[in-house]
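Student: The structure that follows is given in the form of structure tokens.
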Amino acid sequence: MISVMEPGRTRTPPRQRATLVNTRSRETRLALTRAALRLWSEGDFDEAYEASTVTDIANAAGVTRGTFYFHFANKEAILLEMSSATIQAMIDQVEAGTVQDVPLRPLSEQVMTSMARRVVRTPKAAALRAGTLGFAGRADGPTPASPRLSVAFESLLNYGKDRGELNAKLDVEEGAAMLTAVTMEAIIRWGAGDRSASWLAETLRDRAAVVLRGIGHPDGG
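When you read off a place in the sequence shown, starting at 1, and then add 1069, the result is the number in my numbering.
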């Protein structure tokens, strides 16, 4: 059968259609995330989070429940999305620093400063929940699209070893675990109290620097 297009209409190229679909998908995910944060920020975050339903979030975003489930398995997945985005940005920043051959210490400062900036953009209670879910990892493990925080630190430490700025015998997994622990504790302290955004940025930088010094060369170099 020969299809006849309506006069004046042109066929959208497949690649352009795919781009449009991907753009709309990202916009919908962002709309759902923003709608959820608005709902959860009304009054006490924990109470609002527990009381909210998928239907509430979908309605607030102006989409159907089916659309919500197309993008997220449940409301917890939205919090995971928040932490995953922060972690992926850290990994991307390390990769960019690798290309530019940035020394390890300055790159670490840049990465931790950027991380703090992203964390403080969300309500403190949201950052706490997202952190405990995503930054520290889950029993069922991350998906390829949802890396743990330790993965970002492993990439940073591997870069430091490749540059010769860290001990060649360093156990990268253990080093990343230490960085993850001190980072999460700082985020928890920030989220649970009245500490400022600048406190978080400075603390994350300082703690990372201390760990890097401690796991550097045996001779202190």
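For every residue, glycine included, the Cβ atom is placed at its ideal position computed from N, Cα and C.
Would you kindly check if the distance between the Cβ of L1269 and the Cβ of V1189 is under 9 Å?
Tutor: Locating residue 1189 in the sequence shown gives position 120, counting from the first residue. Locating residue 1269 in the sequence shown gives position 200, counting from the first residue. Cβ distance < 9 Å, so V1189 and L1269 count as in contact.
Student: Assuming D1115 is part of the alpha helix (DSSP H), what are its boundary residues?
Tutor: Indexing the sequence shown from 1 puts residue 1115 at position 46. Element bounds for D1115: F1114 to A1120.
Student: Using a threshold of 9 Å, state whether the C-beta atoms of L1218 and M1247 are closer than that.
Tutor: Sequence index remark: in the sequence shown, residue 1218 carries index 149 (1-based). Sequence index remark: in the sequence shown, residue 1247 carries index 178 (1-based). No, the Cβ-Cβ distance between L1218 and M1247 is not below 9 Å.
Student: Report yes or no: do three or more beta-carbon pairs, one from the region 1138-1156 and one from the region 1234-1243, lie closer than 8 Å?
Tutor: No, the region 1138-1156 does not touch the region 1234-1243.
Student: Using 10 angstroms around the beta-carbon of V1279, count the other beta-carbons present and answer buried if the total reaches 16, otherwise exposed.
Tutor: In the sequence shown, residue 1279 corresponds to position 210, counting from 1. That one is exposed.
Student: Looking at the secondary structure, which residues open and close the alpha helix (DSSP H) in which V1251 lies?
Tutor: Within the sequence shown, the letter at position 182 stands for residue 1251. Its alpha helix (DSSP H) spans residues V1241 to A1261.
Student: Is P1192 helix, strand or coil by DSSP?
Tutor: Counting from 1 along the sequence shown, the entry for residue 1192 is found at position 123. Three-state DSSP puts P1192 in coil, outside helix and strand.
Student: What is the DSSP secondary structure of S1224, reduced to helix, strand or coil?
Tutor: Residue numbering aside, residue 1224 sits at position 155 when the sequence shown is read from its first letter. Here S1224 sits in helix by DSSP.
Student: Of all the options R1258, I1257, A1255 and F1222, which has the alpha carbon lying nearest to the alpha carbon of V1241?
Tutor: Working through the sequence shown from its first residue, we reach residue 1241 at position 172. When only C-alpha atoms are compared, the closest one is F1222.
Student: In this structure, does DSSP put S1219 in helix, strand or coil?
Tutor: Within the sequence shown, residue 1219 is the residue found at index 150, counting from 1. S1219 falls in the helix class under three-state DSSP.
Student: Within 10 Å of its beta-carbon, does L1197 have 16 or more other beta-carbons around it, so buried, or fewer, so exposed?
Tutor: As a working mapping, residue 1197 is identified with position 128 in the sequence shown. Buried, because 16 or more other Cβ atoms sit within 10 Å of the Cβ of L1197.
Student: Could you compute how far the alpha carbon of R1207 sits from the alpha carbon of A1245?
Tutor: The count along the sequence shown starts at 1 and reaches residue 1207 at position 138. The count along the sequence shown starts at 1 and reaches residue 1245 at position 176. For R1207, the predicted structure reports a pLDDT of 47, less than 50, and the residue's modelled location is therefore unreliable. The matter cannot be settled from this model.
Student: Note down, in chain order, each residue of its chain lying with its Cβ closer than 8 Å to the Cβ of S1183, except the 5 sequence neighbours on either side.
Tutor: On the sequence shown, position 114 is the one that residue 1183 refers to. So the qualifying residues of the chain are A1158, M1159 and Q1162.
Student: Going by DSSP in three states, A1161 sits in which element: helix, strand or coil?
Tutor: As a first step, residue 1161 must be located in the sequence shown, where it is residue number 92. Before going on, a small fix: residue 1161 reads as Asp here, not Ala. The answer is helix: DSSP assigns D1161 an H, G or I state.
Student: Taking Cβ positions, are A1199 and S1152 nearer each other than 9 Å?
Tutor: Looking up residue 1199 in the sequence shown gives position 130. Looking up residue 1152 in the sequence shown gives position 83. Cβ atoms of A1199 and S1152: closer than 9 Å.
Student: Starting from L1235 and walking both ways along the alpha helix (DSSP H), at which residues does that stretch end?
Tutor: Here residue 1235 is taken as the residue at index 166 of the sequence shown, counted from 1. Per DSSP, L1235 belongs to no alpha helix (DSSP H) and is neither H nor E.
Student: Using the Cα positions of G1172 and A1165, report the straight-line distance between them to the nearest angstrom.
Tutor: Counting from 1 along the sequence shown, the entry for residue 1172 is found at position 103. Counting from 1 along the sequence shown, the entry for residue 1165 is found at position 96. For the sequence presented, residue 1172 should be read as Pro rather than Gly. So the alpha carbons of these two residues sit roughly 12 Å apart.
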